[in-house]
Amino acid sequence: MIELDVQKTLHSANGSMQLHVRFTLGRGQFGTLYGPSGAGKTSTLKILAGLMRPESGHITVNGSPWFDAKKGLQLPPQERSIGFVFQDYALFPHMTVLKNLMFALPKKADPAMVRRLVEIMGLEGLQTRKPAELSGGQQQRVAVARALVQRPEILLLDEPLAALDLETRLQLQDDLAKLHAEFGFTTLLISHDIGEIMKLSDRVFEIRDGNILREGSPQEIFLSKKMSGKFQFTGEVLGIERQEVVYIVTIRVQMQVVQVIAGESDIRALKVGDRVLVASKAFNPILYKI
Amino acid sequence: MTTWQPLLLTFELAGVTTALLLLIAIPLASWLSSTRSRAKPVIEALVGMPLVLPPTVLGFYFLLAFSPGNAFGSWLNEWLGIKLVFSFGGLVVASVIYSLPFMVHPIQAGLAALPHSLKEASYLMGKSRFTTLLKVLLPNIRTSLLTGIVLAFAHTVGEFGVVLMIGGSIPGKTRVASIAIYDEVEALNYGNANFYSLILFLITFGILLLVYLTNGGYLKKFWK
Chain A
527 MIELDVQKTL
537 HSANGSMQLH
547 VRFTLGRGQF
557 GTLYGPSGAG
567 KTSTLKILAG
577 LMRPESGHIT
587 VNGSPWFDAK
597 KGLQLPPQER
607 SIGFVFQDYA
617 LFPHMTVLKN
627 LMFALPKKAD
637 PAMVRRLVEI
647 MGLEGLQTRK
657 PAELSGGQQQ
667 RVAVARALVQ
677 RPEILLLDEP
687 LAALDLETRL
697 QLQDDLAKLH
707 AEFGFTTLLI
717 SHDIGEIMKL
727 SDRVFEIRDG
737 NILREGSPQE
747 IFLSKKMSGK
757 FQFTGEVLGI
767 ERQEVVYIVT
777 IRVQMQVVQV
787 IAGESDIRAL
797 KVGDRVLVAS
807 KAFNPILYKI
Chain B
39 MTTWQPLLLT
49 FELAGVTTAL
59 LLLIAIPLAS
69 WLSSTRSRAK
79 PVIEALVGMP
89 LVLPPTVLGF
99 YFLLAFSPGN
109 AFGSWLNEWL
119 GIKLVFSFGG
129 LVVASVIYSL
139 PFMVHPIQAG
149 LAALPHSLKE
159 ASYLMGKSRF
169 TTLLKVLLPN
179 IRTSLLTGIV
189 LAFAHTVGEF
199 GVVLMIGGSI
209 PGKTRVASIA
219 IYDEVEALNY
229 GNANFYSLIL
239 FLITFGILLL
249 VYLTNGGYLK
259 KFWK
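As they're listed, the protein sequences go chains A and B.
For the first sequence, our numbering begins at 527 and goes up steadily by one.
For the second sequence, our numbering begins at 39 and goes up steadily by one.
Below you can see the structure in the form of structure tokens.
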């Protein structure tokens, strides 16, 4: 559980801005900071990681205080249980992939964790390569694996998927979801991609000009305004099939597979693997007593 | 009569000075590249002073400071038994200060050019500042370190004014090659002067050539 309530004056090229962020994220939850650039998202992550010192407020993680302005307490980054995936990945250029991972392993810790992460992230063939010899997507996988080597309580991701092509991004999103489920850390992601946020997050914090404007589930943040008063589920397109003049779209909604009829204009923007919202108006559904 | 002694002394002085400078310059450059202290410009100006000040000015003040007739000099002499005027030790101290910017500047620039995230990533892995500097930062500024080492070494080889002021020209103790050349020319022994000069010329050319070959990646291409 992360409880964060901090203030800091940020100085940028466009003058100074008052950052005042306050949020709570439950243990094991996946949270996302969403908002325009320069809103204070990266600063929030850095404050949580101890790389930046806020002026006032407090941070408590799983019951232990990490920062308390009143008591003058500021836990150094070395003592915070955090895995950080930087926007530029921050892989050490002079070390091979394996050495990058081993460097992150705490003294006397079991190297089995490194082997497990190499396996999950599919890095077997890349272990002896240096970061400069890897593609962006591969570097990203190494950075995520490296951030998890110390089994952190919290994983922070600073817009790590922004620079990747769609396919690589989707693959990594799946991997992130898998890792999150397997290791149970609390995750805080910075992202601009609504599809990605819908796919991964439990909770979204919309941040603007240094303040948290709204918070809620991804559906509440991104869909509530347009679609209030309707049934809605998010699902994944499994298949699109043409039948005479209409198309039948097969969609997985949680554990159910449903088929929905769509017109040609709807289909144009859709492809297999897309996240979609299945909505229905209130007079359509049929009720059965069970 | 020519002897190898002044040349050996020159390279001994340059070697000792460079080694000491590495130890001093790495922490100093690391501090300068990351600090937000108000003292930074003052320290930077002091480090850079030897670039613009005539060497004789430095030498003159060293001479005054280290002289046993002075409070600091006599304290050194009485308490530590160190005599820095007209001694090899004095030459080393003066050379370290005189060549400081040549070692500090490349290292500072190299460190400042590294992305902050490297350092931050290492801290978040629980590594101390020292471990981070040693294992993450320094290995990534190898060319800057090499440049610093070579410039400091070469600059010490080429120094004249400071050495003359504080060291004088005592054979085997403070008579380095650059002083020997001056003495030989004054005594009209052009042949001897040429002997020292030519060797200095060739060795420094060799060192610099090696550096540019290494930094340009030519050697790697050759080995492959």
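Beta carbons are placed, not taken as given, at the ideal position from N, Cα and C, and that holds for glycine.
Per DSSP, Gly255/B lies in no alpha helix (DSSP H) segment and is marked neither H nor E. With 16 or more other CB atoms across the displayed protein chains lying within 10 angstroms of its CB, Met724/A is buried.
Ile812/A and Gln758/A have their C-alpha atoms some 15 Å from each other. For the stretch 625–641 of chain A, residues whose beta-carbon sits nearer than 8 Å to a beta-carbon of chain B comprise Phe629, Ala630 and Pro632.
Against Glu158/B, the close residues of chain A are Lys572, Ala575, Leu577, Pro603, Phe610, Phe612 and Ala616, in the order they occur along the chain (beta-carbon pairs closer than 9 Å). In this structure, Pro92/B and Tyr136/B do not form a Cβ contact; the two beta carbons are roughly 11 Å apart against a cut-off of 8 Å. With fewer than three CB-CB distances shorter than 8 Å, the stretch 126–143 of chain B does not count as touching the stretch 557–568 of chain A. In the structure shown, Gly119/B adopts coil according to DSSP, grouped into three states.
About 11 Å separates the beta carbon of Gln782/A from that of Thr776/A, a gap too long to meet the 8 Å contact definition.
Across the set Pro637/A, Leu624/A, Lys634/A and Asp636/A, the C-alpha of Leu624/A shows the shortest separation from the C-alpha of Gly648/A. DSSP places Arg740/A outside any alpha helix (DSSP H); the residue lies instead in the beta strand (DSSP E), whose first and last residues are Asn737 to Gly742. By the criterion of at least three beta-carbon pairs nearer than 8 Å, the stretch 232–251 of chain B is not in contact with the stretch 159–175 of chain B.
For Phe198/B, no beta strand (DSSP E) segment is defined, and its DSSP state is neither H nor E. Counting along the chain, the unbroken beta strand (DSSP E) around Trp592/A starts and ends at Ser590 to Asp594. Of all residues in the stretch 168–201 of chain B, only Lys173, Val174, Pro177, Asn178 and Arg180 come within less than 9 Å of chain A when Cβ atoms are compared, listed by chain position.
Three or more pairs of CB atoms, one per stretch, sit closer than 8 Å, so the stretch 119–132 of chain B contacts the stretch 49–65 of chain B. Within its own chain, the residues whose Cβ lies closer than 6 Å to the Cβ of Lys121/B, once the five positions on either side in sequence are excluded, are Asn115, listed in chain order. For the pair Lys797/A and Gln613/A, the Cα-to-Cα distance works out to about 29 Å.
Residue contact with chain A for Gly255/B: absent (no Cβ-Cβ distance below 7 Å to any residue of chain A).
Around the beta-carbon of Gly205/B, 16 or more other beta-carbon atoms lie within 10 Å, marking it buried. Beta-bridge partners assigned by DSSP to Phe549/A: Leu530/A. The beta-carbon of Gly164/B is placed less than 7 Å from the nearest beta-carbon of chain A. When C-alpha distances from Ala616/A are compared across Pro657/A, Pro591/A and Gly589/A, the shortest belongs to Pro657/A. Interface annotation, Ser155/B: in contact with chain A, CB-CB separation under 7 Å.
Measuring C-alpha to C-alpha distances from Thr586/A to each of Gln697/A, Gly736/A, Glu746/A and Ile528/A identifies Ile528/A as the nearest.
A Cβ-Cβ separation of about 5 Å places Phe731/A in contact with Phe549/A under the 8 Å criterion.
His584/A is outside the set of residues whose beta carbon lies under 7 Å from a beta carbon in chain B. Distance between Gly254/B and Phe168/B, taken at the CA atoms: about 30 Å. When Cβ-Cβ separations below 7 Å define contact, Pro591/A makes no contact with chain B. Per DSSP, Ser582/A is one residue of the beta strand (DSSP E) stretching across Ser582 to Val587. Contact holds between the stretch 708–726 of chain A and the stretch 674–686 of chain A, because three or more Cβ pairs, one in each stretch, are under 8 Å apart. DSSP places Tyr161/B inside the alpha helix (DSSP H), whose first and last residues are His154 to Leu162. Here the alpha carbons of Asn178/B and Phe556/A stand approximately 35 Å from one another.
Inter-residue distance for Gln146/B and His620/A is about 19 Å (C-alpha atoms, whole angstroms).
Contact note: Gln676/A reaches chain B through Met163 and Gly164, using a C-beta cutoff of 8 Å and chain order.
Distance from the Cα of Leu803/A is smallest, within the candidate group Glu746/A, Glu770/A, Tyr773/A and Lys815/A, for Glu746/A.
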